[in-house]
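Residue numbers (our numbering): 2 to 171. Down below is the structure, laid out as structure tokens.
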């Protein structure tokens, strides 16, 4: 867990606002007993998680792909080839949706925008160090055009069918 108390508080405010402006249908599914808190998420989303990333083509057609996601400082970060379709979509249209689903056990769903991080960005070195520690090498060595991305959520909910069981396992 790399989140500060302030980051956890901000994430909780986002989670509360998001469920509050969700549809009655979603609120009937993600009841208080099934809603994951920010504290739950930062404990449960350690390590790498395969995320479903939805982008949009210039023609408005949806596209979905998978990325290795890392939850750092209450934000998802991931890398991809700069030449990948998802990178082209996000550079032109940064709005995206991300989800992480582990069967019925837990799900995190979010909408927001992706920002591209360069080595000059103040957070780049910490993200790079985390990824090197996880993978054993820098993603930037995997290809000439690796893009480092961070997802800035504007809406996010966390769900666990059996919250007590999920939060006790970590």
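Backbone N, C-alpha and C fix where the C-beta goes; we use that ideal spot for every residue, glycine too.
Is it buried or exposed, residue 68, if we count other Cβ atoms within 10 angstroms and call 16 or more buried? Label assigned to residue 68: buried.
Chain-order list of residues whose beta-carbon lies under 6 angstroms from that of residue 109 (same chain, five-residue window excluded): Excluding sequence neighbours, residue 109 sits near 101, 159.
Around the C-beta of residue 4, are 16 or more other C-beta atoms found within 10 angstroms, so that it is buried, or is it exposed? Residue 4 is classed as buried because its beta carbon has at least 16 other beta carbons within 10 Å across all chains shown.
Decide if residue 64 is buried, meaning its Cβ has at least 16 other Cβ atoms within 10 Å, or exposed. Residue 64 is classed as exposed because its beta carbon has fewer than 16 other beta carbons within 10 Å across all chains shown.
Distance CB(residue 150)-CB(residue 56) smaller than 8 angstroms: With respect to the 8 angstroms criterion, residue 150 and residue 56 are not classified as neighbours on the basis of their beta carbons.
Separation of residue 153 from residue 116, as counted between CA atoms: Near 7 angstroms, if we compare the C-alpha coordinates of residue 153 and residue 116.
Going by Cα to Cα distance, which pick from 123, 88, 128, 107 is closest to residue 114? Among 123, 88, 128, 107, the Cα nearest to that of residue 114 belongs to 88.
Give the straight-line distance between the Cα atoms of residue 161 and residue 137, rounded to the nearest whole angstrom. Each residue's alpha carbon lies about 32 angstroms from the other.
List the residues that DSSP assigns as beta-bridge partners of residue 77. Residue 77 pairs with 72, 152.
Between residue 54 and residue 6, is the Cβ-Cβ spacing less than 8 angstroms? Contact: no.
Under 8 angstroms by Cβ, that's how I've got residue 157 and residue 16 pegged, so tell me the actual separation to the nearest angstrom. About 6 angstroms separates the two Cβ atoms, so the contact holds.
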